Structures are given as C-alpha cells and as structure tokens.
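Read left to right, the sequence shown gives residues 1 to 520 (my numbering).
Virtual Cβ for every residue (Gly too), placed ideally from N, Cα, C.
Every value quoted in this text rests on a predicted model; they were computed, and no experiment measured them.
Reading through the structure tokens given below for one structure.
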Amino acid sequence: MFRSREVSEGPQSHNALNAMPQLVSGVVEADAREKDALEEAENRFSPLVSSASTIVRAEGKIVSWMDGDAQNPYNWSTSRKIGIVIIGIIVVINSTMGSSLPSNAIPIISEHFNVTSPYVKILLISMYLLGYVLGPLLFGPLSESYGRRVIMLSTFFGFTVFTMACALAPNYASLLVFRLLTGASCVGPLIAPAIAGFVAPTSLGWRWVFWLGLIVAGVSWIPTLFLPETYGPVLLARRAAALRKSTRNPNIFAPIELEKKGWKQMATVTLARPLRMLFFELLVLATCLYVSLAYGIFYMYFEAYPIVFQGVYGQSLGVSGLMFLPIGVGTLLAIGVFLWWDAYLRRAQLAQKPWTLREESRRLPLACIGGPLYVIALFWLGWTSRPTIPFYVPMLAGLPFGMGFVLIFMALLNYLTDAYEIFAASAMAAASCARSLAGAVLPFASEPMYRRLGVPWASSLLAFASLGMCAIPWVFLWQGDRIRAGSQFCRLLKERKEREKLRLEREKEVLEEGESEEKV
Numbered sequence: 001m002f003r004s005r006e007v008s009e010g011p012q013s014h015n016a017l018n019a020m021p022q023l024v025s026g027v028v029e030a031d032a033r034e035k036d037a038l039e040e041a042e043n044r045f046s047p048l049v050s051s052a053s054t055i056v057r058a059e060g061k062i063v064s065w066m067d068g069d070a071q072n073p074y075n076w077s078t079s080r081k082i083g084i085v086i087i088g089i090i091v092v093i094n095s096t097m098g099s100s101l102p103s104n105a106i107p108i109i110s111e112h113f114n115v116t117s118p119y120v121k122i123l124l125i126s127m128y129l130l131g132y133v134l135g136p137l138l139f140g141p142l143s144e145s146y147g148r149r150v151i152m153l154s155t156f157f158g159f160t161v162f163t164m165a166c167a168l169a170p171n172y173a174s175l176l177v178f179r180l181l182t183g184a185s186c187v188g189p190l191i192a193p194a195i196a197g198f199v200a201p202t203s204l205g206w207r208w209v210f211w212l213g214l215i216v217a218g219v220s221w222i223p224t225l226f227l228p229e230t231y232g233p234v235l236l237a238r239r240a241a242a243l244r245k246s247t248r249n250p251n252i253f254a255p256i257e258l259e260k261k262g263w264k265q266m267a268t269v270t271l272a273r274p275l276r277m278l279f280f281e282l283l284v285l286a287t288c289l290y291v292s293l294a295y296g297i298f299y300m301y302f303e304a305y306p307i308v309f310q311g312v313y314g315q316s317l318g319v320s321g322l323m324f325l326p327i328g329v330g331t332l333l334a335i336g337v338f339l340w341w342d343a344y345l346r347r348a349q350l351a352q353k354p355w356t357l358r359e360e361s362r363r364l365p366l367a368c369i370g371g372p373l374y375v376i377a378l379f380w381l382g383w384t385s386r387p388t389i390p391f392y393v394p395m396l397a398g399l400p401f402g403m404g405f406v407l408i409f410m411a412l413l414n415y416l417t418d419a420y421e422i423f424a425a426s427a428m429a430a431a432s433c434a435r436s437l438a439g440a441v442l443p444f445a446s447e448p449m450y451r452r453l454g455v456p457w458a459s460s461l462l463a464f465a466s467l468g469m470c471a472i473p474w475v476f477l478w479q480g481d482r483i484r485a486g487s488q489f490c491r492l493l494k495e496r497k498e499r500e501k502l503r504l505e506r507e508k509e510v511l512e513e514g515e516s517e518e519k520v
C-alpha cells in the first residue's frame with residue numbers, strides 16, 4: 001500500500017495564524033505533487049506476479065504482502081501479539097509512572113532546594129508533561145518512516161539516562177531540565193505517589209524516588225530488547241533490501257522506499273502532520289478535547305488528593321499516597337471490561353454481524369460507558385469528602401474514576417487508530433500532545449480552585465465540564481460516517497484501498513492467465 005506524506009502546520013504565533021491560508025495552500029499543492037508522483041510510480045511498474053509475495057514489474061519489482069504471509073504482523077500468532085502488547089505495557093508503565101514519580105516528594109524536594117513558590121513546585125510534574133508534548137510530535141511520525149522498534153529503543157534509552165540524571169541533579173533548575181528531557185523521551189502514575197510518599201521522608205532521601213524509577217526502567221530493558229519490528233511498511237523495505245542483495249537487481253522496491261524524503265521535506269510534511277490533524281481533523285480535535293480534559297483532571301488529582309486526605313482527614317504523606325490505589329484497581333477493572341468487549345467483538349465479526357463493519361460501533365460503546373462513570377466519580381469525591389464521613393468513602397470514588405478514565409482513553413484512541421490506519425501514529429501524537437499540555441497546565445489551577453471553592457464545588461465544576469464532554473462519543477456514534485467522509489485523510493485512505501483492491505484484482509487475473517498458459 002502506498003503512503004503519501006501530508007504537510008501540516010500548527011500556529012506557532014500570531015504571525016503563523018495570519019499565514020494559515022498560505023499554509024493550507026501549500027498543503028494542497030504538496031499533496032497534489034506527491035499523489036501524482038506516487039500514481040506515476042504505480043503506473044510505471046506494470047504488473048506481473050511471482051510467488052514470493054513480490055510483485056514483479058516490467059521495469060522493476062515492488063514488494064507487497066500476499067494473503068497469509070507469515071511475516072506480515074497481522075498474521076502473527078496470538079501468543080506473539082500478546083507478548084508484544086505486554087512489552088508495550090511495560091514501557092508505558094515506566095513512562096506514566098515517571099510522570100508522577102516525585103508528586104508526593106515535592107514538599108521534601110522543595111525544602112532541599114529552598115523552593116517556596118507553589119507554582120515552581122508544580123513544575124516538577126508539568127515539565128515532564130511538557131516533554132510529553134514535544135516527544136510524540138517528533139517520534140510518532142518518525143516511527144512511520146523508520147519503524148517502531150528503533151524509535152522505541154532509542155527513546156527508552158533516553159528515558160533511562162535522564163531518569164538517572166534526575167537522581168543526580170545538583171540543583172532545582174537542572175532537575176527541571178532533566179524532567180523535561182525525560183518526558184520528551186517517552187512514547188503507572190498511580191503507584192508512584194505511594195512510592196514517593198513512603199521513600200522520600202525516610203533516611204533514603206528524595207533522590208531514591210528517582211533511583212527506584214531507574215531500577216524499574218533497568219529491569220524493563222530485559223523484555224524490551226526482545227521487541228520485534230511491527231510496522232509492515234518497514235518490514236517490506238527490509239525484504240526488498242534482502243531481495244536486491246540476493247538477486248543483484250537494484251530495481252526491487254518496497255512502497256515506503258518510493259516515498260522517501262529529505263530532512264527538509266520530512267520536517268515540513270511528516271513531522272508537522274500531527275499539528276495539522278489536530279487543527280483540521282474534526283475527529284482528532286474533538287477526541288483531543290475530551291481526553292485532554294480527562295488527563296488534566298487526572299493530574300489535578302495529584303494536587304487535590306493531599307488537600308482532601310491530608311487536609312480533611314489529617315493523613316500522613318505516605319498514607320495519603322495509598323488513596324490513589326482504588327484508581328489503579330478501577331483501571332484493572334476497565335481492562336477486564338475491555339478484554340470482554342474485545343472477545344465479544346471478535347465473535348460478532350466471525351458471525352459477520354453488520355454493525356461490526358462500522359468503526360464507531362466497534363470502539364465507541366466503551367467510551368459511552370466510561371464518560372458517565374468519570375462524572376459520577378467526580379461528584380462522589382466532592383460531596384463525600386467531609387470529616388463526618390469515613391475516609392474510605394471518598395477513597396472508593398477512585399474505582400469509577402479509574403474505570404471511566406481508561407475506558408474513555410482506550411475507546412477513543414482505538415477509534416482514531418481504526419479511522420486513520422497508516423496515519424494513526426500521527427493522530428496519536430496529536431492526542432498525546434494535547435493531553436500532555438492539559439496535564440502540564442491544569443494542575444496550576446488545582447490548589448487555588450480547591451482552596452477557594454472548597455472540595456465539593458471544585459470537584460463539581462470538573463464534573464460538569466466532563467458531563468459536557470460525554471456527548472462526544474455519542475455524536476461520533478451518530479454522525480461518525482459523515483465526519484469521516486469529510487476528512488481529507490480518511491478520503492485518501494479510501495482512495496488507496498480502492499486502488500489496492502483494483503491492483504490485487506489485476507494481479508489475480510495475471511496469475512490465473514499464467515496458470516492457464518502453463519496448463520496449455
């Protein structure tokens with residue numbers, strides 16, 4: 001399948017906003033040039049087919065997958081796919097745990113470096129999340145050109161090194177810089193506050209919070225090194241390179257090699273694509289708004305929970321960190337619900353149920369469940385956090401909070417993956433950028449809001465905002481087809497599928513003609 005690069009420019013300043021019409025014009029022109037070039041490349045290679053999943057052309061060869069190809073990631077065994085998912089989860093646990101690792105140690109770190117401003121203290125979390133904004137914008141699109149494995153290993157190496165640098169930071173400024181770089185290297189925020197709450201006040205000191213994070217990262221390297229390349233276009237490129245070497249035929253190519261670009265074009269087309277999707281794709285924009293609010297509230301909780309459980313209930317630093325654990329249990333319950341839904345969906349697909357053909361019906365029902373759970377949890381925490389009510393009552397609000405949070409994320413991000421297919425990494429980068437920015441900024445408002453409005457009304461304000469966002473997956477369920485029909489990326493994918501279908505039909509005809517001639 002041929003992929004085309006798209007130019008996307010996000011507004012960097014007032015001048016950039018004024019120049020948006022020229023940018024859009026440049027996008028259209030670049031799209032047209034690239035589409036013409038790809039179609040010319042396709043037409044230049046007339047079809048003849050050989051048996052080794054390679055399309056032999058009159059002037060060259062283009063490597064492609066054939067049905068049932070064992071090297072195609074989609075055809076890998078279930079056990080291998082599960083192993084890859086587990087490795088991915090391990091890496092994600094490291095990056096998300098790193099985001100909140102110093103949260104409960106902030107008072108001790110601030111005292112060590114004589115930091116008094118509450119806003120500067122919050123920067124320990126926010127700088128990491130700002131790195132989250134920068135990293136996916138670069139590494140997401142690069143993984144679409146160079147593969148998942150090399151990007152995963154290189155960024156995880158950076159994460160490991162900068163986590164160690166945080167533990168060795170000589171002053172607060174360098175610590176903030178290393179936190180930014182650690183976040184930018186990311187591609188279990190809930191256990192981290194408990195770790196920090198119990199480790200930092202001891203004789204081990206706050207630096208051991210980061211040393212423990214480094215230990216977890218070091219152990220995680222063992223399975224991560226076994227991560228295979230999972231991106232089909234890059235695997236085809238490797239196959240083409242091997243065939244060029246073995247056959248000494250320089251005219252064997254993979255589709256991705258026909259669209260290679262220089263660094264200048266890479267920067268203006270591939271790396272800018274997430275920003276373009278964020279501002280010009282309604283599906284991406286609406287999804288980013290919802291997950292950004294949910295993500296921002298999640299990180300506001302790291303400021304709100306001490307107000308509730310240390311302020312209202314007088315708990316110690318370590319014990320208040322344990323109040324996050326029900327959220328973790330809720331996330332595990334959500335994963336169970338997701339696995340049940342996935343099994344149900346597979347059975348329905350095998351039974352060829354009509355509703356399984358629609359992306360919205362496959363993914364969004366879980367978000368429709370998660371949204372109300374998230375809202376209920378916010379009201380629950382707000383209106384039960386009183387000295388007259390036992391602490392475990394507001395603590396248990398973490399169960400629906402964790403469930404709702406994960407169901408919203410998994411459903412909406414999987415929906416984006418289904419809708420944008422080969423452009424999914426760019427869509428994910430846009431979503432990661434937006435939500436990380438919200439997670440970096442909203443915590444600055446958390447303590448002032450909870451102090452001025454009080455726990456009940458501050459939580460209610462967040463609940464009402466989340467209630468409005470609950471409508472987004474329902475709107476997608478209702479009008480998702482029309483929204484995708486108006487998407488430039490989705491239209492491009494549809495055109496490619498139609499061209500690929502015609503190509504396969506032509507190749508099948510050529511094969512049948514060749515077999516007939518052999519029989520004669």
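Enumerate in chain order the residues of its own chain whose CB-to-CB distance from residue i is below 6 Å, with the five nearest sequence positions on each side excluded.
i    : result
A165 : F178
Y299 : G439 and P443
M127 : L176, R179 and L180
Y450 : A304, I307 and A458
V133 : C433, S436 and L437
I313 : Before going further, note that residue 313 is Tyr rather than Ile in the sequence given. Taken in chain order, the residues that qualify are F391.
R207 : A167
Look at residue i and residue j and say whether their C-beta atoms are less than 8 Å apart.
i    : j    : result
T331 : V209 : no
L129 : S436 : yes
A397 : T388 : no
L364 : P473 : yes
L366 : M403 : no
G371 : M469 : yes
T163 : A217 : yes
T182 : I84  : no
A254 : P233 : yes
A377 : P400 : yes
V375 : A463 : yes
Rounded to whole angstroms, what's the CA-CA distance from residue i to residue j? Just pull it up for me.
i    : j    : result
E509 : R499 : 15 Å
G68  : M152 : 27 Å
H112 : F324 : 26 Å
R248 : L235 : 19 Å
I408 : S110 : 35 Å
N171 : S99  : 19 Å
S77  : Q71  : 11 Å
C368 : V337 : 13 Å
Q315 : T96  : 25 Å
L373 : T116 : 37 Å
L493 : V455 : 48 Å
E513 : P274 : 45 Å
S174 : F157 : 19 Å
Y119 : A169 : 20 Å
L502 : W380 : 56 Å
E359 : D418 : 6 Å
P189 : I297 : For P189, the predicted model reports a pLDDT of 41, less than 50, meaning its position is unreliable and no value from the coordinates is stated.
S460 : G382 : 7 Å
A272 : E257 : 20 Å
V329 : I335 : 10 Å
Y420 : A242 : 30 Å
Sorted by chain position, which residues of the same chain lie with C-beta nearer than 8 Å to residue i's C-beta, five sequence neighbours on each side aside?
i    : result
L416 : L283, V284, T287, A424, A427, M428 and A431
V291 : I408, F409, L412, L413, A431, A434 and R435
S361 : W355 and L477
I483 : L282, L283 and F476
A485 : R491
I87  : P223, T224, F226 and L227
Tell me, please, which residues DSSP counts as bridged to residue i.
i    : result
K245 : In the DSSP output, where bridge partners are listed per residue, K245 has none listed.
I252 : K61
Quick check on DSSP: helix, strand or coil for residue i?
i    : result
I297 : helix
P47  : Residue placement at P47 is poorly supported in this model, since its pLDDT is 38, which falls under 50; the coordinates still yield a value, given next. Residue state, collapsed to three classes: strand.
K353 : coil
M97  : helix
N414 : helix
D69  : coil
F113 : coil
M449 : helix
G147 : coil
T230 : coil
Can you give me the Cβ contacts of residue i inside the same chain, cut-off strictly under 7 Å, excluding the 5 residues immediately before and after it?
i    : result
A465 : L293
R244 : P250 and I252
R148 : E229, T230 and Y231
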